[in-house]
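Notes follow the structure.
There are 2 protein chains.
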Amino acid sequence: MKKILPVLLATACAVSAQAKIVTQVVEYKQGDTTLEGFLAYEDAVAGKRPGVLIVHQWLGLTDYEKQRAEQIAALGYVAFCADIYGKGVRPKDTTAAGVEATKYKSNRALLRLRVNAGLDELKRNKLVDAGRVAAIGYCFGGTTVLELARSGAAVNGVVSFHGGLDSPAPADGKNIKCKVLVCHGADDPFEKASDLAAFEDEMRQANVDWVLIKYGGAVHSFTQPMAGNDNSKGAAYNERADRRSWTAMKLFFTGIFN
Amino acid sequence: MKKILPVLLATACAVSAQAKIVTQVVEYKQGDTTLEGFLAYEDAVAGKRPGVLIVHQWLGLTDYEKQRAEQIAALGYVAFCADIYGKGVRPKDTTAAGVEATKYKSNRALLRLRVNAGLDELKRNKLVDAGRVAAIGYCFGGTTVLELARSGAAVNGVVSFHGGLDSPAPADGKNIKCKVLVCHGADDPFEKASDLAAFEDEMRQANVDWVLIKYGGAVHSFTQPMAGNDNSKGAAYNERADRRSWTAMKLFFTGIFN
Chain G
0 MKKILPVLLA TACAVSAQAK IVTQVVEYKQ GDTTLEGFLA YEDAVAGKRP
50 GVLIVHQWLG LTDYEKQRAE QIAALGYVAF CADIYGKGVR PKDTTAAGVE
100 ATKYKSNRAL LRLRVNAGLD ELKRNKLVDA GRVAAIGYCF GGTTVLELAR
150 SGAAVNGVVS FHGGLDSPAP ADGKNIKCKV LVCHGADDPF EKASDLAAFE
200 DEMRQANVDW VLIKYGGAVH SFTQPMAGND NSKGAAYNER ADRRSWTAMK
250 LFFTGIFN
Chain L
0 MKKILPVLLA TACAVSAQAK IVTQVVEYKQ GDTTLEGFLA YEDAVAGKRP
50 GVLIVHQWLG LTDYEKQRAE QIAALGYVAF CADIYGKGVR PKDTTAAGVE
100 ATKYKSNRAL LRLRVNAGLD ELKRNKLVDA GRVAAIGYCF GGTTVLELAR
150 SGAAVNGVVS FHGGLDSPAP ADGKNIKCKV LVCHGADDPF EKASDLAAFE
200 DEMRQANVDW VLIKYGGAVH SFTQPMAGND NSKGAAYNER ADRRSWTAMK
250 LFFTGIFN
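Protein chains in written order, with numbering that gives the first Met the number 0: chain G, 0 to 257; chain L, 0 to 257.
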């Protein structure tokens, strides 16, 4: 038996080493607008598996989301980064990003169309079990996945990482069919206490299955290394909150996909 | 190999089946007061291991905490239920419980002495690695483990389940040396928004490593089946929040003990 066990372990390691993440840029449409998303999956996984939609922060679809897609693919899911802004629309700085994000935050109907187009694209993928899908989003993307839920989309769960929680139509909470997880920086200066309270009320009134986690010492953008590490700017990376929220997301997935 | 694997599995199962939880009523003292706690550990675990102090709700040390102690022992830790009220002081109803709890909530110095006596008793146990200890508490016990932290006790972490978060001396937050996890029912009517805000501010000012989780649809006592299931009473069991908060606690332990 002593000789056999190492062989078993070596075999397991060999399988793991062979697994690789396949990525692909994917063009798709919402109405007449061409969008350019990004797909990632592990080729060693056989058959259909849950799908996870990833929605970008205000700078649009960047390498950051693509890296998250690869991390999620490594968990055994099909990951698809949605493009809300449109092919080639990638703001060069935060001023331009603010303009672009505002277009959608002030037109929630359009935002819902765009994110649902991404969800539909994910569900069409032949590797995806369309009955087991989730959506996650960062900052602007957090707001967006909440809008996806509020649109009544058939999705098992959504996770917002430091997303804006405000809604111009709180009554739409009643459309939510999925579980909701909100990962929030307790020191996020961009989210007013009144917005948090309104969000909780929206979930409460609509009897949603929701959890909100507040991470002490974390400000806006706590999952994003490119935000730097100066909390006084209101947006900064926080390794501890990043790690904990990622773990919370994985547990959430286990709960909704099993 | 096909024949050997089942043997390995059977062996593993046999070990697991042999493991049993040892329990013991333990008398100890705080000053001249005799206290009666409850110890639980798994006898199959070898050597020193982390210890977890469990602090009871307002009815005093009941079978509920003893059951939690056995669950925690099954995780491989030494569990010890503190007795805050004193040997034989076990309120018979909620009126008596309110009177007893108030004695300590209005005398935080005494509360700290009592809970620290429990912690010391746990650390003295020869099976406990005294450098790896945590404290958890329910309702009144949640308040109590936060007071333990505020006393500056050498503990790696505390977890409050639907505990009162208010403090008559918020500046004592600066004494906190451990990580703090608060599991809170989002619909708990006994915890005012102002108490929550004050707690967050206390943690913030003292630069504590803290996380607060709000469970949607959960009121006070959400981990306690004996609370019934009528949310309109303000205290009720919530299986979902119970399960999720238990998982959060286990992850928290993994983080502080490893």
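Each residue gets a CB set at the ideal place from its N, CA and C atoms; glycine is no exception.
Around the beta-carbon of Lys65/G, 16 or more other beta-carbon atoms lie within 10 Å, marking it buried. Only those residues of the stretch 199-228 of chain L whose C-beta falls short of 9 Å from the nearest C-beta of chain G are listed: Glu199, Met202, Arg203, Asn206, Val207, Asp208, Trp209, Val210, Leu211, Ile212, Lys213, Tyr214, Gly215 and Gly216. Contacts with chain L at 8 Å (Cβ-Cβ) include Arg243/G.
Residue pairing by DSSP places Arg48/G opposite Val127/G in a beta bridge.
The beta carbon of Val154/L sits closer than 6 Å to those of Val132, Ala134 and Cys177, all from its chain and outside the five residues before and after it, given in chain order.
Taking C-beta separations shorter than 8 Å and ignoring five residues to either side along the sequence, the partners of Val127/L in its chain run Lys47, Arg48, Pro49, Gly50, Val77 and Leu121, following chain order. By the 16-neighbour rule on beta-carbons within 10 angstroms, Val98/G is exposed. Distance from the CA of Ala95/G to the CA of Lys86/G, rounded to the nearest whole angstrom, comes to 16 Å. Secondary-structure assignment with DSSP links Trp245/G through no beta bridge to anything. One alpha carbon belongs to Tyr236/L, the other to Ile83/L, and they sit about 24 Å apart.
For Ile83/G, there is no enclosing alpha helix (DSSP H), since its DSSP letter is neither H nor E. Taking the beta carbon of Ala185/L as reference, the chain G residues within 9 Å of it are Glu199, Met202, Arg203, Trp209, Val210 and Leu211, listed in sequence order. Within chain G, no residue has its beta carbon less than 7 Å from that of Leu74/L; the closest one is some 17 Å off. Sequence-distant partners of Asp208/G (beyond 5 residues in either direction) whose C-beta falls short of 6 Å from its own C-beta, in its chain, are Lys178.
Residue pairing for Phe160/L: DSSP places it in a beta bridge opposite Tyr137/L and Cys182/L. Chain L has no Cβ within less than 8 Å of the Cβ of Leu180/G. Taking C-beta separations shorter than 6 Å and ignoring five residues to either side along the sequence, the partners of Leu180/L in its chain run Val158, Val210 and Phe251, following chain order. Cys182/L is the residue among His55/L, Cys182/L and Pro167/L whose C-alpha sits nearest the C-alpha of Arg242/L. With its beta carbon at least 8 Å from every one in chain G, Leu145/L lies outside the interface. According to the DSSP secondary-structure assignment, Gln29/L is paired through a beta bridge with Thr32/L.
Apart from sequence neighbours up to five positions away, the residues of its chain that approach Ala129/G with a beta-carbon distance below 6 Å are Lys122, ordered along the chain. For the stretch 160-172 of chain G, the beta-carbon criterion of a distance under 8 Å to any beta-carbon of chain L is satisfied by none of its residues. In the structure shown, Lys104/G falls within a helical segment according to DSSP collapsed to helix, strand and coil. Excluding its 5 nearest sequence neighbours in each direction, Ala43/L has C-beta neighbours in its own chain below 6 Å: Ala18, listed in chain order.
Shortest Cα-Cα distance from Pro188/G to any of Asn230/G, Asp200/G, Lys91/G and Thr246/G involves Asn230/G.
Of the residues assessed, Val21/G falls on the exposed side of the cut-off, its CB having fewer than 16 other CB atoms within 10 angstroms. DSSP lists no beta-bridge partner residue for His55/G. Listed along chain L are Arg243, Thr246, Ala247 and Leu250, each with a C-beta nearer than 9 Å to that of Leu250/G.
The shortest C-alpha to C-alpha distance from Ile212/L to any of Asp200/L, Thr101/L and His161/L is the one to His161/L. Annotation for Met248/G: Val158 place their beta carbon closer than 6 Å to its own, counting only its chain and skipping 5 residues before and after.
In the three-state DSSP reduction, Lys213/L falls in the strand class (E or B).
Contact annotation, Ala197/L with Pro169/L: C-beta distance approximately 6 Å; criterion of less than 8 Å satisfied. Taking Gly227/G as the centre and dropping the five residues before and after it, the same chain places the C-beta of Ala235 and Tyr236 closer than 7 Å to its C-beta, in chain order. Comparing alpha carbon positions, the residue from Lys104/G, Pro90/G, Thr143/G and Trp245/G closest to Gly117/G is Thr143/G.
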